[in-house]
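S.K.: Below you'll find the structure I mean.
Residue numbers (our numbering): 536 to 609.
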């Protein structure tokens with residue numbers, strides 16, 4: 536994916552996976568910047584993995600992924 540791409544030429548999507556069995560809510564899952572609140576029922580030792588998927592509008596479309604791992608400690 537070209538480093539020269541403008542943000543408006545990319546499609547962003549946040550997803551959650553990990554050992555926490557519930558769902559994590561994103562404030563804006565279709566944007567580059569978002570925030571999440573750790574659910575009250577998450578317990579120590581669980582992890583919440585946030586995956587950012589960025590896709591350009593080229594032909595063929597190129598997609599990159601980045602992962603953020605949150606470890607629940609209490």
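The C-beta atom is built at its ideal place from N, Cα and C for all residues, glycine as well.
Decide yes or no for the touch test of the stretch 549-559 against the stretch 569-576: beta carbon pairs closer than 8 Å, at least 3 of them.
M.R.: Touching, yes.
S.K.: Nearest to residue 554 by CA position, among 590, 585, 599, 546, is which residue?
M.R.: 585
S.K.: Between the alpha carbons of residue 579 and residue 595, how many angstroms are there, rounded?
M.R.: Each residue's alpha carbon lies about 42 Å from the other.
S.K.: Can you name the residues that DSSP bridges to residue 548?
M.R.: 588
S.K.: Roughly how many whole angstroms lie between the Cα atoms of residue 536 and residue 588?
M.R.: Because residue 536 sits at a pLDDT of 46, beneath the cut-off of 50, its placement in the model cannot be relied upon, and the following sentence gives the value as read from the coordinates. In a straight line, the C-alpha of residue 536 is about 12 Å away from that of residue 588.
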